[in-house]
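Chemist: In the working numbering, each residue's number is its place in the sequence shown (first place is 1) plus 656.
Got a structure here, written out as structure tokens. Questions coming.
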Amino acid sequence: MVRYQRSLLIKHTTSYLNPTPSIFVASNPTIFGKIQTFVRMAASSSANNTQMLQIDTDNGIYFWKPEQRFGYLGQWFESPFTVISEDGTRIDYENCEHFPVMAVGVLFAPDSDTTGDILAKGLHPGEIKALGRAIPNFDEETWENNRYKIVVQGNYYKFTQNEKLKAMLLETGNKELVGPRLL
């Protein structure tokens, strides 16, 4: 992608990274509340990723790998969604890992080639995560102040643009959803 096109794409990306949460709540309060709880639980999860099992108990659902039963809850699950900026620019994401990593790029290095590379098609989520770690000027405090709302936003887009995933998420009811750390 030409550098100009990357800059234009990144400019449009910033327009939707911080929408008012009330927009999401008003459009679908049930799914928004479920996603907020889900992200909060995952952020505080102390589960060991390498030993986590896919299990469903009376109180909780534990998930990890995308190909397993509850893998659809994870960031790496293939779940394309589209975000349209205020000016109508369309940005496609292949999974929820793309969204927060792109946000890191926009927050810390919007003109970096690395940030532009994040939206390349066909990247494995692990490659996307590696690109995120390579973004220059990263500041932990700034990320801590923004990451929760960004991860909630990405999951909101994921679960509201795919009716099957939305139904599966809502079917979990009031169970605690425990997966690898999202933040």
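Positions of the beta carbon are idealized from the N, C-alpha and C atoms, including for glycine.
None of the values given here were measured: they were computed from a predicted structure.
Within its chain, find whatever has a CB closer than 6 Å to the CB of Q817; leave out the 5 residues flanking it on each side and keep chain order.
Modeler: One-based indexing of the sequence shown puts residue 817 at position 161. Cβ within range, chain order: F737.
Chemist: Could you round the C-beta distance between L729 and G810 to whole angstroms and report it? I think they count as a contact, below 8 Å.
Modeler: Residue mapping note: residue 729 aligns to position 73 of the sequence shown, counting from 1. Residue mapping note: residue 810 aligns to position 154 of the sequence shown, counting from 1. Not quite, the Cβ-Cβ distance comes to about 13 Å (not below 8 Å), so this is no contact.
Chemist: Going by the CB atoms, is the gap between S735 and K805 shorter than 9 Å?
Modeler: Mapped onto the sequence shown, residue 805 falls at position 149. Mapped onto the sequence shown, residue 735 falls at position 79. Contact: no.
Chemist: Tell me the DSSP secondary structure of E797 in three-state form.
Modeler: The residue given as residue 797 occupies position 141 in the sequence shown. Correct three-state label for E797: helix.
Chemist: Could you pull the start and end residues of the alpha helix (DSSP H) that P781 belongs to?
Modeler: What you label residue 781 is simply residue 125 of the sequence shown in a count that begins at 1. P781 -> alpha helix (DSSP H) spans P781 to R789.
Chemist: Got a sec, what are the start and stop residues for the beta strand (DSSP E) L833 sits in?
Modeler: Residue numbering aside, residue 833 sits at position 177 when the sequence shown is read from its first letter. Unbroken beta strand (DSSP E) run through L833: E832 to V834.
Chemist: Would E750 pass as a contact of G778 if the rule is Cβ separation under 9 Å?
Modeler: Translated into positions along the sequence shown, residue 750 becomes position 94. Translated into positions along the sequence shown, residue 778 becomes position 122. Cβ distance < 9 Å, so E750 and G778 count as in contact.
Chemist: Kindly indicate which residue of D769, A765 and K785 has the alpha-carbon position closest to the one of F755.
Modeler: Your numbering for residue 755 matches position 99 in the sequence shown. Cα-wise, what sits closest to F755 is K785.
Chemist: Output needed for F764: all residues of its chain with C-beta closer than 6 Å, excluding positions within five of it in sequence on either side, in chain order.
Modeler: Translated into the one-based positions of the sequence shown, residue 764 becomes position 108. Answer for F764: I791, N793 and F794, listed in chain order.
Chemist: Check for me: the alpha helix (DSSP H) holding T770 runs from which residue to which?
Modeler: On the sequence shown, position 114 is the one that residue 770 refers to. It spans D769 to D773 - the alpha helix (DSSP H) in which T770 sits, taken as one unbroken run.
Chemist: Taking Cβ to Cβ, would you say V757 is nearer than 9 Å to I747?
Modeler: The sequence position of residue 757 within the sequence shown is 101, counting from 1. The sequence position of residue 747 within the sequence shown is 91, counting from 1. Cβ atoms of V757 and I747: not closer than 9 Å.
Chemist: Which residues in the same chain as T771 place their Cβ atom closer than 7 Å to its Cβ, once the five residues preceding and following it in sequence are excluded?
Modeler: Mapped onto the sequence shown, residue 771 falls at position 115. Correct list, in chain order: I666, G761, V762, A765 and I791.
Chemist: Note down, in chain order, each residue of its chain lying with its Cβ closer than 8 Å to the Cβ of K820, except the 5 sequence neighbours on either side.
Modeler: Position 164 of the sequence shown, counted from the first residue, corresponds to residue 820. Cβ neighbours of K820 beyond the five flanking positions: none.
Chemist: With which residues is F737 paired in a DSSP beta bridge?
Modeler: Taking the first residue of the sequence shown as position 1, residue 737 is located at position 81. F737 is bridged to Y749.
Chemist: If I measure Cβ to Cβ from S702 and keep anything under 7 Å in the same chain, skipping five residues before and after, which residues do I get?
Modeler: Residue mapping note: residue 702 aligns to position 46 of the sequence shown, counting from 1. For S702, the predicted model reports a pLDDT of 46, less than 50, meaning its position is unreliable; a value from the coordinates is still stated below. Hits under 7 Å: none found.
Chemist: Would N705 be called buried (16 or more neighbouring beta carbons within 10 Å of its own) or exposed?
Modeler: On the sequence shown, residue 705 is found 49 positions in, with the first residue counted as 1. Residue placement at N705 cannot be trusted, given a pLDDT of 44 that sits under 50; the coordinates are not used to answer.
Chemist: Mind checking who I806 pairs with in its DSSP beta bridge?
Modeler: Looking up residue 806 in the sequence shown gives position 150. According to DSSP, I806 bridges with nothing at all.
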